[in-house]
Amino acid sequence: MDDFCSDRGALYDDQLFTIEHVLPQNPAEDSEWTRQWTGDQRKLWLNRIANLVPLTRQRNSSAQNFNFTIKKKEYFQSKNGTSSYSLTTQVLSVDQWTPKIVEKRQKELLNQFIEKWDLKEDKNAADDPDFMVAGRGGDAVGYLQDDGKFVVKKGSRIAATTTSGSPKNYIDLRDKLLKEGVISENQFVQDYIFESPSAAAAIVLGRSSNGRKEWTKLDGRSIMKMGK
Numbered sequence: 009m010d011d012f013c014s015d016r017g018a019l020y021d022d023q024l025f026t027i028e029h030v031l032p033q034n035p036a037e038d039s040e041w042t043r044q045w046t047g048d049q050r051k052l053w054l055n056r057i058a059n060l061v062p063l064t065r066q067r068n069s070s071a072q073n074f075n076f077t078i079k080k081k082e083y084f085q086s087k088n089g090t091s092s093y094s095l096t097t098q099v100l101s102v103d104q105w106t107p108k109i110v111e112k113r114q115k116e117l118l119n120q121f122i123e124k125w126d127l128k129e130d131k132n133a134a135d136d137p138d139f140m141v142a143g144r145g146g147d148a149v150g151y152l153q154d155d156g157k158f159v160v161k162k163g164s165r166i167a168a169t170t171t172s173g174s175p176k177n178y179i180d181l182r183d184k185l186l187k188e189g190v191i192s193e194n195q196f197v198q199d200y201i202f203e204s205p206s207a208a209a210a211i212v213l214g215r216s217s218n219g220r221k222e223w224t225k226l227d228g229r230s231i232m233k234m235g236k
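To get the numbering used here, take the position in the sequence shown, counting from 1, and add 8.
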């Protein structure tokens, strides 16, 4: 996307290039971020492309959780007040970072993809049944069966560790799946049916989870919001 926005003239050094969240992953409870963003809004927009900017790795180390004005000045721009990446420069021109601004930016960037990749909407396509969840290094895709069970698809990844508060039954299930080879090197090697969306999300995220809230469609709708 940055390449598109810079007319394919930018250079990217694999040794330096990294991606940063504008809205931080772990904002302080009394911060500007938690006052302007609800928990659901942060979950919806955190890992979407509108909230991501490229940086050089040297700058991806401090000030991540500062409020937007300070972060923009101290973290996103160089000494001359610019950035070498077009996507990051766009963010520097914004005065505040709110859900409404990020939603507008998301639509603009998606339109760039549509134009550059010559994408055309298939109006006859059925609604994609897949839901997604991501966090703590886990990243999975799956779908809800008519019987209420949840299928995690082959290729989905789980978090490398579990939290101290993870329910024992889910830790035991995780160990069982690893032992049986359903999961290898933290990746599902086959589709697997869980008894519930929460069980599936707990294994992927390595923590307790309300799967009906955390499994979402691309547009942010959760299983719960869809009334399933």
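Where a beta carbon is used, it is the ideal one built from N, C-alpha and C, also for glycine.
Because the structure is a prediction, the values reported are computed rather than measured.
| message | Could you check whether the segment 166-178 touches the segment 201-218, counting it as contact only if at least three pairs of C-beta atoms, one from each stretch, sit closer than 8 Å? | response | yes
| field | Exposed unless 16 or more other CB atoms sit within 10 angstroms - verdict on K79 | value | Locating residue 79 in the sequence shown gives position 71, where the first residue counts as 1. K79 should be labelled buried.
| message | Our contact map puts A58 next to V110 with C-beta atoms below 8 Å; I'd like the distance itself, whole angstroms only. | response | Locating residue 58 in the sequence shown gives position 50, counting from the first residue. Locating residue 110 in the sequence shown gives position 102, counting from the first residue. Right, the Cβ-Cβ distance comes to about 5 Å (below 8 Å), so this counts as a contact.
| query | Grouping DSSP H, G and I as helix and E and B as strand, with all else coil, what is A148? | reply | Taking the sequence shown and counting its residues from 1, the one referred to as residue 148 is at position 140. Here A148 sits in strand by DSSP.
| field | Boundaries (first-last residue) of the beta strand (DSSP E) holding L63 | value | Within the sequence shown, numbered from 1, the residue matching residue 63 stands at position 55. Per DSSP, L63 belongs to the beta strand (DSSP E) from 60-64.
| task | Provide the residue(s) that pair with F158 in DSSP beta bridges, ordered along the chain. | result | Translated into the one-based positions of the sequence shown, residue 158 becomes position 150. According to DSSP, which records beta bridges pairwise, F158 is partnered with L152, F202.
| task | Can you have a look at L19 and say buried or exposed, based on whether 16 or more other CB atoms are within 10 angstroms of its CB? | result | The count along the sequence shown starts at 1 and reaches residue 19 at position 11. Burial call: exposed.
| said: Need the endpoints of the beta strand (DSSP E) that V102 sits in, please. | reply: The residue you call residue 102 lines up with position 94 of the sequence shown. Looking at the DSSP string, V102 is not in any beta strand (DSSP E), and its letter there is neither H nor E.
| said: Rounding to the nearest angstrom, what Cα-Cα distance links F84 and Q120 in this structure? | reply: Position 76 of the sequence shown, counting from 1, holds the residue named residue 84. Position 112 of the sequence shown, counting from 1, holds the residue named residue 120. Cα to Cα, the separation comes out at about 23 Å.
| How about the segment 150-157 and the segment 200-207: do they share at least three Cβ pairs that are nearer than 8 Å? | yes
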